[in-house]
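**Student:** In numbering that gives the first Met the number 0, the protein residues as written are 0 to 602. Dropping the structure in here first, questions after.
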Amino acid sequence: MADGESQSQVASPIRLGPVVCEKDAKALQFIDEMTTNTDAVQERVLGEILSQNAETEYLRRYQLDGATDRDTFKSKIPVVSYEDLQPYIQRIANGDRSPILSSRPISEFLTSSGTSAGERKLMPTIYEEWDRRSKLYSLLMPVMNLYVPGLDKGKGLYFLFVKAETKTPSGLLARPVLTGYYKSDHFKTRPYDPYTVYTSPDEAILCADSFQSLYTQMLCGLLMREEVLRLGAVFASGLLRAIRFLQLNWKELAHDISTGTLNPKITDPSLKECMSKIVKPNPELAEFITKECSGENWEGIITRIWPNTKYLDVIVTGAMAQYRPTLDYYSAGLPQSCTMYASSECYFGLNLKPMCKPSEVSYTIMPNMGYFEFLPHDPNAPALSRDSPPRLVDLADVEVGKEYELIITTYAGLCRYRVGDILLVTGFHNSAPQFRFIRRKNVLLSIDSDKTDESELQKAIDNASELLKEFNTSVVEYTSYADTKSIPGHYVIYWELLVKDPANSPTEEVLNQCCLVMEESMNSVYRQGRVADNSIGPLEIRVVKNGTFEELMDYAISRGASINQYKVPRCVSFNPIMELLDSRIVSVHFSPALPHWTPRRSC
Ligand code: AMP
Numbered sequence: 000m001a002d003g004e005s006q007s008q009v010a011s012p013i014r015l016g017p018v019v020c021e022k023d024a025k026a027l028q029f030i031d032e033m034t035t036n037t038d039a040v041q042e043r044v045l046g047e048i049l050s051q052n053a054e055t056e057y058l059r060r061y062q063l064d065g066a067t068d069r070d071t072f073k074s075k076i077p078v079v080s081y082e083d084l085q086p087y088i089q090r091i092a093n094g095d096r097s098p099i100l101s102s103r104p105i106s107e108f109l110t111s112s113g114t115s116a117g118e119r120k121l122m123p124t125i126y127e128e129w130d131r132r133s134k135l136y137s138l139l140m141p142v143m144n145l146y147v148p149g150l151d152k153g154k155g156l157y158f159l160f161v162k163a164e165t166k167t168p169s170g171l172l173a174r175p176v177l178t179g180y181y182k183s184d185h186f187k188t189r190p191y192d193p194y195t196v197y198t199s200p201d202e203a204i205l206c207a208d209s210f211q212s213l214y215t216q217m218l219c220g221l222l223m224r225e226e227v228l229r230l231g232a233v234f235a236s237g238l239l240r241a242i243r244f245l246q247l248n249w250k251e252l253a254h255d256i257s258t259g260t261l262n263p264k265i266t267d268p269s270l271k272e273c274m275s276k277i278v279k280p281n282p283e284l285a286e287f288i289t290k291e292c293s294g295e296n297w298e299g300i301i302t303r304i305w306p307n308t309k310y311l312d313v314i315v316t317g318a319m320a321q322y323r324p325t326l327d328y329y330s331a332g333l334p335q336s337c338t339m340y341a342s343s344e345c346y347f348g349l350n351l352k353p354m355c356k357p358s359e360v361s362y363t364i365m366p367n368m369g370y371f372e373f374l375p376h377d378p379n380a381p382a383l384s385r386d387s388p389p390r391l392v393d394l395a396d397v398e399v400g401k402e403y404e405l406i407i408t409t410y411a412g413l414c415r416y417r418v419g420d421i422l423l424v425t426g427f428h429n430s431a432p433q434f435r436f437i438r439r440k441n442v443l444l445s446i447d448s449d450k451t452d453e454s455e456l457q458k459a460i461d462n463a464s465e466l467l468k469e470f471n472t473s474v475v476e477y478t479s480y481a482d483t484k485s486i487p488g489h490y491v492i493y494w495e496l497l498v499k500d501p502a503n504s505p506t507e508e509v510l511n512q513c514c515l516v517m518e519e520s521m522n523s524v525y526r527q528g529r530v531a532d533n534s535i536g537p538l539e540i541r542v543v544k545n546g547t548f549e550e551l552m553d554y555a556i557s558r559g560a561s562i563n564q565y566k567v568p569r570c571v572s573f574n575p576i577m578e579l580l581d582s583r584i585v586s587v588h589f590s591p592a593l594p595h596w597t598p599r600r601s602c
């Protein structure tokens, strides 16, 4: 968008087709009100948060003295990251019930996929937050109905899962946000709505065993194949895992469909009972599934099995963009719709043009969800210091074409908290800006919800290098790559080794073991993906010939990099570089076992 273009020129009305029902009309009116009065709503939200939490230890510490206005807030409250809040959070986790961050009781901790010291971050939340989040969910279908008619005439096949939960020392639950949501009354006792009828029974979604959950969700999806109008998962990686699951388990699924029985691996009593009412013998369908799945060619399998699917409902923005071509392949190019942008800390907003191309997705932050500020993003700027606080921009004042880091203040008590997401302003809807998700700061590798940064990778390399010492060998250079060609995807680490005594070079077994040591060094979200969710495959080390990284540098310099400033990229994805690295491989090694992971936290 050209600089200087006025906001009204880029505003895009969402009124497309006829509004299908009264409920939708109300939801769209709400969006209209929120996005028209962005700044006023933000002012009100900040006032509410500050007056609600005026007596908290945190706001008192910064001497807000009951002020609820933006200027005082901005001048007194520092911009913080998780590490700054950790002592407060730890006290809450240990049972201190005084109003530390929030005047409302903390109802549970939501465990973010972002980590601190190798463990998931604990985000305090309050019960009433589910109302706000449910409200945002309730806006998604009214927007979708403007673009895709007839979604009340069938069902959604959504692969949704709960994950392991733990308790803090004081007994507060700590679990991923969606696990909290699916287990809440907001989800379990939701009123019937013809636009959100799912093929998966709640018993299947709520079954903590990932095999039993996925098996029964797939079985229901197959049994109701003709009724399925949309197919989804939260992230693209989850939908592809379901397709891979079908590849591996279609024979057992077809057997159940043919005979009307349930696989004995399904042992959860409530799940067995509910499935017994759904599974009926249907040999014709079993034959069809067998014919489609036994072939070598899985191109377009989604549209063959679920022929009435109008779109895929999955997030394919941010780290998930890498899965777009594979989804295209399996779905014969069905539209991929990204509807929502959210996090454990706060749900942010929705995509008002959900059928746009994935590369054009922009999210409109809803100003009622929290108070949002934006730190102009300059990768070369010095780190933030307390002495020269940064100038943050308000939601209504961001500029088209600029990148910002998102800073949030929430009802649950996070104040000026750095989420770590970098967003680009692409336009405005009424007076609400729309953002393209650019990336999460400091994330080098990601396959599913795991996020590995440079220092974590370095630490893993250091730990694995210990095994090489007795062979008088060291890792002289390395880089990495998130390989998502196979499902599940896996981390690939390229190593150039300096072997001082070729007669005593590291054995095959030791190099395999290095892969496992690297996996053991990764954060708990990575290890959970490997062990519990099977969403990440074994880590691979590719040893490359000596001199390969020098060739890499020559290549970069030939393309204009400065020789003085050249740094080895710690993650690569550019095809010519991958080809160069792969053409110099000497040996390939995989992790021989699963790393350790338990739901318990180590700190
Ligand atoms: P978590 O805290 O584990 O719930 O993860 C939230 C993070 O996931 C966000 O801060 C983003 O980095 C990422 N995320 C969530 N929604 C989207 C989206 N629609 N597109 C890209 N990234 C997203």
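Note that beta-carbon positions come from the ideal geometry of N, C-alpha and C, so glycine has one too.
Any heavy atom of ligand 1 inside 6 Å of the beta-carbon of Ile300?
**Tutor:** By 1-based counting over the sequence shown, the position of residue 300 is 301. Outside the cutoff, so no.
**Student:** Give the range of the alpha helix (DSSP H) segment to which Ser257 is assigned.
**Tutor:** The residue given as residue 257 occupies position 258 in the sequence shown. Counting along the chain, the alpha helix (DSSP H) containing Ser257 begins and ends at Ala235 to Thr258.
**Student:** Within 10 angstroms of its Cβ, does Glu372 collect 16 or more other Cβ (buried), or is it exposed?
**Tutor:** Numbered from 1 along the sequence shown, position 373 holds the residue referred to as residue 372. Burial call: buried.
**Student:** For Asp461 and Ser572, what's the separation of their Cα atoms in angstroms?
**Tutor:** Locating residue 461 in the sequence shown gives position 462, counting from the first residue. Locating residue 572 in the sequence shown gives position 573, counting from the first residue. One C-alpha to the other measures close to 23 Å.
**Student:** Can you give the Cα-Cα distance for Gly317 and Leu63, rounded to whole angstroms?
**Tutor:** As a first step, residue 317 must be located in the sequence shown, where it is residue number 318. As a first step, residue 63 must be located in the sequence shown, where it is residue number 64. A straight line joining the alpha-carbon of Gly317 with that of Leu63 spans about 37 Å.
**Student:** Comparing the CB of Arg323 with every heavy atom of ligand 3, is any distance shorter than 6 Å?
**Tutor:** For ligand 3, the structure offers nothing, since it holds only ligand 1.
**Student:** In three-state terms, what does DSSP make of Gln41?
**Tutor:** Mapped onto the sequence shown, residue 41 falls at position 42. Shown here, Gln41 sits in a helix according to DSSP, grouped into three states.
**Student:** Can you name the residues that DSSP bridges to Arg607?
**Tutor:** Residue 607 falls outside the range modelled here, since the chain spans only 0 to 602, and no answer is possible.
**Student:** Using a Cβ-Cβ cut-off of 6 Å (strictly less than) and excluding sequence neighbours within five positions of Gln321, which residues of its own chain qualify?
**Tutor:** As a position in the sequence shown, residue 321 is number 322, starting the count at 1. The residues are Thr483.
**Student:** Going by the CB atoms, is the gap between Thr198 and Leu156 shorter than 7 Å?
**Tutor:** For the purposes of this step, residue 156 is taken as residue 157 along the sequence shown, with counting starting at 1. For the purposes of this step, residue 198 is taken as residue 199 along the sequence shown, with counting starting at 1. Yes. Within cutoff.
**Student:** Going by DSSP, what residue range makes up the beta strand (DSSP E) through Pro375?
**Tutor:** Counting from one through the sequence shown, the residue named residue 375 turns up at place 376. Per DSSP, Pro375 belongs to the beta strand (DSSP E) from Tyr370 to Pro375.
**Student:** Between the Cα of Leu579 and those of Ile88, Thr478, Val196 and Glu128, spot the shortest distance and give me the residue it belongs to.
**Tutor:** Looking up residue 579 in the sequence shown gives position 580. Distance check between Leu579 and each of Ile88, Thr478, Val196 and Glu128 places Thr478 closest, using alpha-carbon atoms only.
**Student:** With a floor of 3 residues, list each beta strand (DSSP E) that falls wholly inside the segment 496-578, ordered by position along the chain.
**Tutor:** 539-543
**Student:** Measuring only the C-alpha atoms, how far is Pro591 from Arg600?
**Tutor:** Residue numbering aside, residue 591 sits at position 592 when the sequence shown is read from its first letter. Residue numbering aside, residue 600 sits at position 601 when the sequence shown is read from its first letter. Distance between the alpha carbons of Pro591 and Arg600: 25 Å.
**Student:** Excluding the 5 residues flanking Lys279 on each side, which residues of the same chain have their C-beta closer than 7 Å to its C-beta?
**Tutor:** Within the sequence shown, numbered from 1, the residue matching residue 279 stands at position 280. Counting only Cβ-Cβ distances below 7 Å, and skipping sequence neighbours, we find Gly259.
**Student:** Does the count of Cβ pairs from the segment 141-161 and the segment 197-213 closer than 8 Å reach three?
**Tutor:** The segment 141-161 vs the segment 197-213: in contact.
**Student:** Could you spell out where the beta strand (DSSP E) holding Thr425 opens and where it closes?
**Tutor:** Translated into positions along the sequence shown, residue 425 becomes position 426. Element bounds for Thr425: Tyr416 to His428.
**Student:** Distance check for Leu405 and Tyr87, CA to CA, integer angstroms please.
**Tutor:** In the sequence shown, the residue the question calls residue 87 occupies position 88. In the sequence shown, the residue the question calls residue 405 occupies position 406. Those two C-alpha atoms are separated by around 22 Å.
**Student:** Going by Cα to Cα distance, which pick from Asn52, Thr308, Phe186 and Ala341 is closest to Ser97?
**Tutor:** Position 98 of the sequence shown, counting from 1, holds the residue named residue 97. Among Asn52, Thr308, Phe186 and Ala341, the Cα nearest to that of Ser97 is on Asn52.
**Student:** When every heavy atom of ligand 1 is checked, does at least one fall within less than 6 Å of the C-beta of Tyr340?
**Tutor:** Reading the sequence shown from its first residue, position 341 is the one you call residue 340. Yes, since a heavy atom of ligand 1 falls inside the 6 Å radius drawn around the Cβ of Tyr340.
**Student:** So, is His588 buried or exposed, given that buried needs 16 or more other C-beta atoms within 10 angstroms?
**Tutor:** As a working mapping, residue 588 is identified with position 589 in the sequence shown. By the 10 Å Cβ count, His588 comes out buried.
**Student:** Consult DSSP for Pro324 and reduce its assignment to one of helix, strand or coil.
**Tutor:** Stepping through the sequence shown from its first residue, residue 324 is reached at position 325. The three-state secondary structure of Pro324, taken from DSSP, is helix.
**Student:** Return the CA-CA distance between Val142 and Arg558, expressed in angstroms with no decimal places.
**Tutor:** Walking along the sequence shown from the start, residue 142 turns up at place 143. Walking along the sequence shown from the start, residue 558 turns up at place 559. Distance between the alpha carbons of Val142 and Arg558: 45 Å.
**Student:** Looking at C-alpha atoms only, which residue of Pro598, Glu495 and Asp267 is the closest neighbour of Ile584?
**Tutor:** For the purposes of this step, residue 584 is identified with residue 585 of the sequence shown, where counting begins at 1. Of the candidates Pro598, Glu495 and Asp267, the one whose C-alpha sits nearest the C-alpha of Ile584 is Glu495.
**Student:** Give me the residue from Glu42, Leu100 and Ala24 with the minimum Cα distance to Glu56.
**Tutor:** Position 57 of the sequence shown, counted from the first residue, corresponds to residue 56. Closest option to Glu56, Cα to Cα, is Leu100.
**Student:** Can you tell me which residues form a DSSP beta bridge with His185?
**Tutor:** For the purposes of this step, residue 185 is taken as residue 186 along the sequence shown, with counting starting at 1. For His185, which the question treats as bridged, DSSP gives no partner whatsoever.
**Student:** By the three-class DSSP mapping on this structure, what secondary structure does Gln335 have?
**Tutor:** Taking the first residue of the sequence shown as 1, we reach residue 335 at position 336. Looking at Gln335 - three-state DSSP - the assignment turns out to be strand.
**Student:** For Cys337, count neighbouring Cβ atoms within 10 angstroms of its own Cβ and tell me buried if that reaches 16, exposed if not.
**Tutor:** Here residue 337 corresponds to residue number 338 of the sequence shown, with the count starting at 1. Buried: at least 16 other Cβ atoms inside 10 Å.
**Student:** If you check the beta carbons only, do Gly153 and Leu228 fall under 7 Å apart?
**Tutor:** Within the sequence shown, residue 153 is the residue found at index 154, counting from 1. Within the sequence shown, residue 228 is the residue found at index 229, counting from 1. Yes.
**Student:** Tell me the rounded alpha-carbon separation between Ser74 and Lys401.
**Tutor:** Mapped onto the sequence shown, residue 74 falls at position 75. Mapped onto the sequence shown, residue 401 falls at position 402. Cα-Cα distance, rounded: 24 Å.
**Student:** Kindly indicate the opening and closing residues of the beta strand (DSSP E) around Glu286.
**Tutor:** Locating residue 286 in the sequence shown gives position 287, where the first residue counts as 1. Counting along the chain, Glu286 falls outside any beta strand (DSSP E), though it belongs to the alpha helix (DSSP H) covering Pro282 to Ser293.
**Student:** Pairing CB atoms from the segment 500-518 with CB atoms from the segment 435-451, are three or more of them under 8 Å?
**Tutor:** no
**Student:** Is Val142 near ligand 1, going by C-beta to nearest heavy atom under 6 Å?
**Tutor:** In the sequence shown, residue 142 corresponds to position 143, counting from 1. Checking the Cβ of Val142 against ligand 1 gives no.
**Student:** I'd like the ranges of any beta strand (DSSP E) spanning at least 3 consecutive residues and lying wholly in the segment 53-119.
**Tutor:** Secondary structure remark: continuous beta strand (DSSP E) runs of at least 3 residues inside the segment 53-119, in chain order: 105-115.
**Student:** Indicate, with yes or no, if ligand 1 has a heavy atom lying under 6 Å from the CB of Thr316.
**Tutor:** In the sequence shown, residue 316 corresponds to position 317, counting from 1. Correct: Thr316 has its Cβ closer than 6 Å to ligand 1.
**Student:** For my contact list, Ser236 and Ser50 are in at a C-beta cut-off of 8 Å; report their separation, rounded to the angstrom.
**Tutor:** Position 237 of the sequence shown, counted from the start, is the residue given in the question as residue 236. Position 51 of the sequence shown, counted from the start, is the residue given in the question as residue 50. Ser236 to Ser50, Cβ: 41 Å. No contact.
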